[in-house]
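Read through the structure below, which is laid out as structure tokens, and then see the notes.
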Amino acid sequence: MSLLVLLIDRVPNRTEPKNDRKPVTLYALKGLLSQCQLWLRSRRDYLRFLHRLSIKRNISMRFSHSFSAAAIMGMVFVGQPAFSQNMDTVLATVNGDQITLGHMIAMEQRLPQQYRNYPDDVLYDGILQQLIQQALLSQIVDGKDDLVLNLSIENEVRALKAGLLLDQISADAVTEEAVTKIYDERFAGQTGGVEWNASHILVDTEDEAKALIVTLAEGADFAELAKEKSTGPSGPRGGQLGWFGPGQMVPEFEGAAAEMETGDVSAPVQTQFGWHVLKMNDIRETPAPTLEEVRAEIVAEIQGLAVDSAIEAAEVRATVELSDVAIDPAIIRASGLLLQK
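Going by this note's numbering, the sequence shown opens with residue 27, and the numbers climb by one from there.
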């Protein structure tokens, strides 16, 4: 659940409620977490990549204009006639290892959108230099029997395959028809809900609250009484809370507001903060959100359902056997075991 405003008077420095708050669905959260997991797997590469792009083409220009330096490092750039390229087109070799156009496109497809928005020439140079440097560094450890490296590669390959499949499943599931269908079922012909505009006076005891109600019935001005008697941060504003909707107040306060009509003054209402006397200033219905306002949420829901369905189907078809081995969960932190062979 999102951190909604639970305090009746808000945080002291918040003088107005946030009326544009959108609900965060479970599927939206799951979709966001899935994206974050995919990005975090290569976070170091992305940080380096962002650094390269932020300095534009400095690195690539240095390489392209310093062929002698490239030759010393064992790199040979391969020229190709325009429009003759395919996935196997070799763009560079690093000590004999080839970097192809396929490698470039595969990396571009895995970049977060903000990086993919760079100009083509900047993106091309950045990706090529990223792959060149990866090749140089990977060659240093090639041939070494490194258990940690081998296990990490196995994990990364598994994660990448799963991520690519889930990406495809998510993309295939989202159609305009599916999005519109959910929107129509949920919002067509509906109002967005109700919002209240209320003022309140907060005091410590029920007797104080009852005395306030008597004073108001005798004709006292609510705002002036709030300024004089309220112990809450809204007191200096005459107890004015502004507009708020469902879920923005503690349940006892919201429940009392939902029973009131415009102009009503409530009986004493107890919450964890004390005793309240409410005055309902106004009530309004909010319009249903437009399709574009909730499109991202609906898309995330569709993707989440598709991913869950695919995983459940795979689990049904699979044979998964857990070994009957007594394991102390704390051993997961025993990195020293990786050094024992």
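For glycine and all other residues, C-beta sits at the position ideal for the given N, C-alpha and C.
Put simply, the stretch 208–227 touches the stretch 303–315. At least three CB pairs are less than 8 Å apart.
Looking at the DSSP output, Val-291 bridges to Lys-305. Here the alpha carbons of Glu-244 and Phe-299 stand approximately 27 Å from one another. Looking at the DSSP output, His-226 shares a beta bridge with Leu-304. Rounded to whole angstroms, the Cβ separation of Ala-282 and Val-295 is 5 Å, and the two are in contact under 8 Å. With a beta-carbon spacing of about 7 Å, Asp-123 and Gln-165 fall inside the 8 Å limit used to define contacts. When Cβ pairs closer than 8 Å are counted between the two stretches, the stretch 199–214 is seen to touch the stretch 316–331, the count reaching three or more.
Looking only at Thr-316, Glu-287, Val-167, Ala-246, the smallest Cα-Cα distance to Ala-214 is reached by Thr-316.
Contact annotation: the stretch 263–277 touches the stretch 224–235, with at least three C-beta pairs closer than 8 Å.
Of the candidates Arg-321, Glu-347, Val-333, Pro-277, the residue whose Cα lies closest to the Cα of Lys-207 is Arg-321.
Residue burial annotation: Leu-175 is exposed, with fewer than 16 other C-beta atoms found within 10 angstroms of its C-beta. Distance check between Leu-363 and each of Leu-173, Leu-149, Ile-153 places Leu-173 closest, using alpha-carbon atoms only.
Per the coordinates, the alpha-carbon of Val-120 lies some 40 Å from the alpha-carbon of Ala-336. Boundaries of the alpha helix (DSSP H) harbouring Thr-241: 232–243, taken from the DSSP string.
7 Å or more divides the Cβ of Thr-257 from the Cβ of Phe-279. Under the criterion of beta carbons closer than 8 Å, Glu-234 and Trp-301 qualify as touching, at roughly 7 Å. Shown here, Gly-265 sits in coil according to DSSP, grouped into three states, outside any helix or strand. By DSSP's assignment, Asp-123 forms a beta bridge with Val-120. For Gln-296, the secondary structure class from DSSP, reduced to helix, strand or coil, is strand. When the Cα atoms are used, Gln-139 and Leu-149 turn out to be separated by approximately 12 Å. By the beta-carbon neighbour count (other beta carbons within 10 angstroms, threshold 16), Glu-285 is exposed.
For Gln-159, the closest of Asp-146, Gln-194, Ala-118 by C-alpha to C-alpha distance is Ala-118. Under the 10 Å beta carbon count, Glu-254 is surrounded by fewer than 16 other beta carbons and is classified as exposed. Inter-residue distance for Ile-239 and Val-303 is about 7 Å (C-alpha atoms, whole angstroms).
Beyond the five residues adjoining it in sequence on each side, Arg-142 comes within less than 8 Å, by CB distance, of Glu-134, Leu-149 in the same chain, given in chain order. For Tyr-144, there is no enclosing alpha helix (DSSP H), as DSSP marks it with neither H nor E. By the neighbour-count criterion, in which a residue is buried when 16 or more other Cβ atoms sit within 10 angstroms of its Cβ, Glu-323 is buried. Rounded to the nearest angstrom, the gap between the Cα atoms of Asp-151 and Asp-354 is 49 Å.
Taking 4 residues as the shortest admissible run, the stretch 143–225 contains the following complete alpha helix (DSSP H) segments, listed from N- to C-terminal end: 146–167, 173–199, 202–213.
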